[in-house]
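For reference, the structure discussed in these notes is given below.
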Amino acid sequence: MDFGRSAVEQAFADEVCDFLRAHPPETFALDGTDAGYGSGAHSGAFTRALGERGWLSLTWPREHGGRERPMGFLLVLLEELAAAGAPFGPLGGCLQVSESIIRNGSATLQREILPQVARGLATFWQGYSEPGAGSDLLALETRARLEGDHWVLDGRKIWSSHAGIATYGTVLARTDPASTRNRGLSMLMVDNRLPGMDVRPIRSLTGQVYHYEVFMDGVRVPRDWVMGKPGEGFGQLLRGLDTDRFWGRFYKAPFLRRILGLLVEYVRAERPDDAVARHRLAHAATEIAALRALFHRAAWLIEHGLPATGPVSAAKIMAAELGQRVLSLGMELLGSFGVLRAGSRWARLRGEIEHQYQTSWGHTLAGGTSEIQRTTIAVRALGLPAEPRGR
Amino acid sequence: MDLSFSPAQQILQQSARAFLQQRCSITRVQELALDPRGFAADLWKEIATLGWPGLLISPELGGSGGTVGEALALVEELGRACFPGPFIASAVVATTALGLAPGRRARDLLAALAVGERICTLAVLEESGRLDPDALALPIAPSGGVTGRKLFVPDAHVATDVIVLGRGAAGPTAVVLPMDRAGIGAHPLDSMAGDKLFELELADVAIRPDDLLGPPGGGWALLGPAFRVGALARCAEMAGAAQRVLELCVEHARVRVQGGRPIGGYQAIQHACADLYRDVESARWLTWEAEWKLTSGRPDAHAAVAAAKAYGAEAALRVARRGHQIMGAIGYCEEHPLHLFHKRILTAALDAGDSTWHLEAVAASIGLPQDRR
Chain F
27 MDFGRSAVEQ AFADEVCDFL RAHPPETFAL DGTDAGYGSG AHSGAFTRAL
77 GERGWLSLTW PREHGGRERP MGFLLVLLEE LAAAGAPFGP LGGCLQVSES
127 IIRNGSATLQ REILPQVARG LATFWQGYSE PGAGSDLLAL ETRARLEGDH
177 WVLDGRKIWS SHAGIATYGT VLARTDPAST RNRGLSMLMV DNRLPGMDVR
227 PIRSLTGQVY HYEVFMDGVR VPRDWVMGKP GEGFGQLLRG LDTDRFWGRF
277 YKAPFLRRIL GLLVEYVRAE RPDDAVARHR LAHAATEIAA LRALFHRAAW
327 LIEHGLPATG PVSAAKIMAA ELGQRVLSLG MELLGSFGVL RAGSRWARLR
377 GEIEHQYQTS WGHTLAGGTS EIQRTTIAVR ALGLPAEPRG R
Chain U
4 MDLSFSPAQQ ILQQSARAFL QQRCSITRVQ ELALDPRGFA ADLWKEIATL
54 GWPGLLISPE LGGSGGTVGE ALALVEELGR ACFPGPFIAS AVVATTALGL
104 APGRRARDLL AALAVGERIC TLAVLEESGR LDPDALALPI APSGGVTGRK
154 LFVPDAHVAT DVIVLGRGAA GPTAVVLPMD RAGIGAHPLD SMAGDKLFEL
204 ELADVAIRPD DLLGPPGGGW ALLGPAFRVG ALARCAEMAG AAQRVLELCV
254 EHARVRVQGG RPIGGYQAIQ HACADLYRDV ESARWLTWEA EWKLTSGRPD
304 AHAAVAAAKA YGAEAALRVA RRGHQIMGAI GYCEEHPLHL FHKRILTAAL
354 DAGDSTWHLE AVAASIGLPQ DRR
């Protein structure tokens, strides 16, 4: 059993830390909000800086311009970025989409998109949920029909993160009008600049914009801008969701460890004799350690091509729920100061707890609700019978 | 990162599971839990021929010189089978302490433990119930009689030897005594958990020079590391037992039909089972991470073991308690095995440092020591 980093992984971690010291995270311009997953805000500048170092294509095959590093390098990169509080919001999406394009994308997509991803010029939004298709995603109504060399796309997607500042969306649409449920779906790669795209911000309870609603009216998508084969969209979706749950949340443990560190400093300074606070923070530390161990178990399974749905879903549930518990603890420890926004004269810990407390309430919903995850574990990992579907 | 089990660990796991399925059925565990003596001398003999008590003892003393990681792989299986008896006390904690002690006495005892001829228990806790060198009150002088009592001594009725930790002039001092030394009495404690706990009464028990384990005042230096390995073993035992509770619950949810379909087809039960799965997996891998840190001598190993024990106890108890709700009324019956696993987890959670004790170590590791002035 070895949970440690290899010598080359540690050398890479040192390289990442050196970069972060030379380029402190707060010096990069932000162009999107921090949704609290642990990847910080959306920053095109920081994404491009990662690209300049070749860190957006670390694990890609050489034929696509990658460095063919093992998956462990990515784990190191994400952990170090999260521990430093860097603004790498788009990175999880880039990892997920580039992996899909390399595995299942057409030659056109590989040629057009991958070089942009590698340089930090392409970021992605997910077009899955619709107003009438949330947890029951297969009730989606977005459609695309083939006209010559193009798909003509009509429909409406919602809760798409960063859609207003990303460059491309992966849009799940029904391409076979005669099909139902999980057949006849395709995953299209849609350029935000195409005519007919209308991306509208949704202000969230944090007061900031993270989600968007996307209206697509006769958008003409080139025929080979499809992930996998037409009609195989459901498989693309499942693989995408599996990887999104992992790559979009793996760094939650180091993020929560950073938050815990802030709370420890606060308690040391403001209420050093508070035994209850000490006990609760120590308890939270054990849970964060357990979350990290669970994510590493999932990572090891993924790296070895073994079934990881159970551990990944369990880690996703735990990441979201533990985040809510840790941030709730933070609000309690800060007392009346907890509600003061960042920038307020009296805000404690730079108002970070206030913001992350609010974002945490979206995490048990996004990427498949905790209820959907629990059902997934029960049916796919434990072999319990699926609940009969209503008509 | 390599989260695979070594060939030696895999062989141990497989052979232990096969042996325990055959020789340590849950019915047998039930009988032993209900029996006041509750010790399976035949099983202890058989596991001695398999080399389990000598797993952590060096080959020159007749053991197999195994690693802590191999011991944990075995203990996971013991937990899964709810194997009763003093394995962790004798073959893990006492064995580790004796292995750290210099001198012929410890070596002779280890050689006898390795072949299952002798069994060694530990007498540490007192009326304060606190596992803490400062809480030790029993006075131990290098020569002369020891008088006092120890509580929560496991399996004193079948142990041939006992390591007693007391307060010496130079600090915590450990001695090893044969249970038949004049003046030692063992009185059973009436525990609901099926484990066999005793009050050890010491009435002017003579201490001979070679009874000392390590130097006077050096008792905690021997027992501290032994408790850390013991805490990990208890984590592995809890993970194994919790895994079995999950299996029992999933099996029940598959076959128990209500409202025309298996209850495992209802989300209320599905989601409860999913929570058990999360608790089992997270506790198990946190344990293995702590094992790696301890074995590879990482500076944060102490805190990692403490976190694994505190979290593992909480998670495994959550599994047992929620398990009762999934299992329904049948799980409330004495003849159903669920309560045996629940109580085993409870015993393990309290042994080798309870959660409050381990959380203190975690608090110190994140920069919040108890007394910073």
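Those sequence lines, one after another, are chains F and U.
Under the numbering used here, the first residue of the first sequence is numbered 27, with each subsequent residue one higher.
Under the numbering used here, the first residue of the second sequence is numbered 4, with each subsequent residue one higher.
Note that beta-carbon positions come from the ideal geometry of N, C-alpha and C, so glycine has one too.
| Check | Outcome |
| --- | --- |
| Per-residue DSSP class, three states only, for G153(F) | strand |
| Residues that M242(F) bridges to, as DSSP identifies them | G181(F) and M223(F) |
| Cβ neighbours of S22(F) in the same chain (closer than 6 Å, five flanking residues each side left out) | The displayed coordinates of chain F run from 27 to 417. Any statement about residue 22(F) would go beyond what the structure contains. |
| Proximity of R283(F) and A109(F) at Cβ, strictly below 9 Å | yes |
| Any chain F beta carbon closer than 9 Å to S7(U) | yes |
| Under the three-state DSSP convention, the category Y280(U) falls into | helix |
| Residues in the stretch 258–280 of chain U having any Cβ partner in chain F nearer than 8 Å | R264, P265, G267, G268, Y269, Q270, I272, Q273, H274, C276, A277, D278 and Y280 |
| Extent of the continuous alpha helix (DSSP H) run through G377(F) | Looking at the DSSP string, G377(F) is not in any alpha helix (DSSP H), and its letter there is neither H nor E. |
| Inter-residue Cα distance where the pair is A351(U) and E79(U) | 12 Å |
| DSSP state of V302(F) mapped onto helix, strand, coil | helix |
| As assigned by DSSP and simplified to three states, the class of R376(U) | The pLDDT assigned to R376(U) is 43, lower than 50, so where the model puts this residue is not dependable; a value taken from the coordinates is nonetheless given after this. Here R376(U) sits in coil by DSSP. |
| Closest residue to F150(F) among R351(F), G409(F), R207(F) and D270(F) (Cα-Cα distance) | D270(F) |
| With 16 other Cβ atoms within 10 Å as the buried cut-off, status of M215(F) | buried |
| Distance, S187(F) Cα to F241(F) Cα | 14 Å |
| Proximal chain C residues relative to G72(U), where beta-carbon distance stays under 7 Å | Absent from the structure is chain C; the protein chains it does hold are F and U. |
| Closer than 8 Å: K346(U) CB and nearest the ligand NAD heavy atom | This structure does not include the ligand NAD; it has no bound ligands of any sort. |
| Simplified DSSP state of E80(U), which is helix, strand or coil | helix |
| Stretch pair the stretch 35–48 of chain F + the stretch 361–380 of chain F: three plus CB contacts closer than 8 Å | no |
| Local conformation of P11(F) per DSSP, three classes | For residue 11(F) there is no data in the structure shown, the boundaries of chain F being 27 and 417. |
| Alpha-carbon spacing of R257(U) relative to G92(F), whole angstroms | 47 Å |
| Partners in chain F for G370(U), counting only beta-carbon separations shorter than 7 Å | V290 and R294 |
| Per-residue burial, Y280(U) [other beta carbons within 10 Å of its own, 16 or more giving buried] | buried |
| 9 Å Cβ cutoff, A109(F) in contact with chain U | no |
| Per-residue contacts from L289(U) into chain F (C-beta, under 7 Å) | A315, A316 and A319 |
| For R171(F), the first and last residue of its enclosing beta strand (DSSP E) | R169 to E173 |
| Any 3 or more C-beta pairs closer than 8 Å across the stretch 355–369 of chain U and the stretch 294–308 of chain U | yes |
| CA-to-CA distance, M27(F) to S7(U), given in whole angstroms | 6 Å |
| Inter-residue spacing [alpha-carbon to alpha-carbon] between D396(F) and G388(F) | Looking at the sequence itself, residue 396(F) is Ser, so the reference to Asp does not match. C-alpha separation (whole angstroms): 11 Å. |
| Status (buried if at least 16 other CB within 10 Å, exposed otherwise) for L81(U) | buried |
| Cβ-based neighbour list, R376(U), same chain, cut-off 6 Å, excluding 5 preceding and 5 following | Unreliable placement is indicated for R376(U), whose pLDDT of 43 sits below 50; no coordinate value is reported for it. |
| Contact list for R304(F) against chain U, beta-carbon separation under 7 Å | A366 and L371 |
| Nonlocal neighbours in the same chain, by C-beta distance under 8 Å from D278(U), ignoring five residues either side | R321 and R325 |
| N- and C-terminal bounds of the alpha helix (DSSP H) containing H255(U) | G222 to V258 |
| Chain U contacts made by the stretch 84–106 of chain F, where a contact means CB separation under 7 Å | G98 |
| Short CB-CB distance (under 9 Å) between Q36(F) and chain U | no |
| R381(U) to E34(U) span [Cα, whole Å] | Since the displayed chain U opens at 4 and closes at 376, residue 381(U) lies outside it and no answer follows. |
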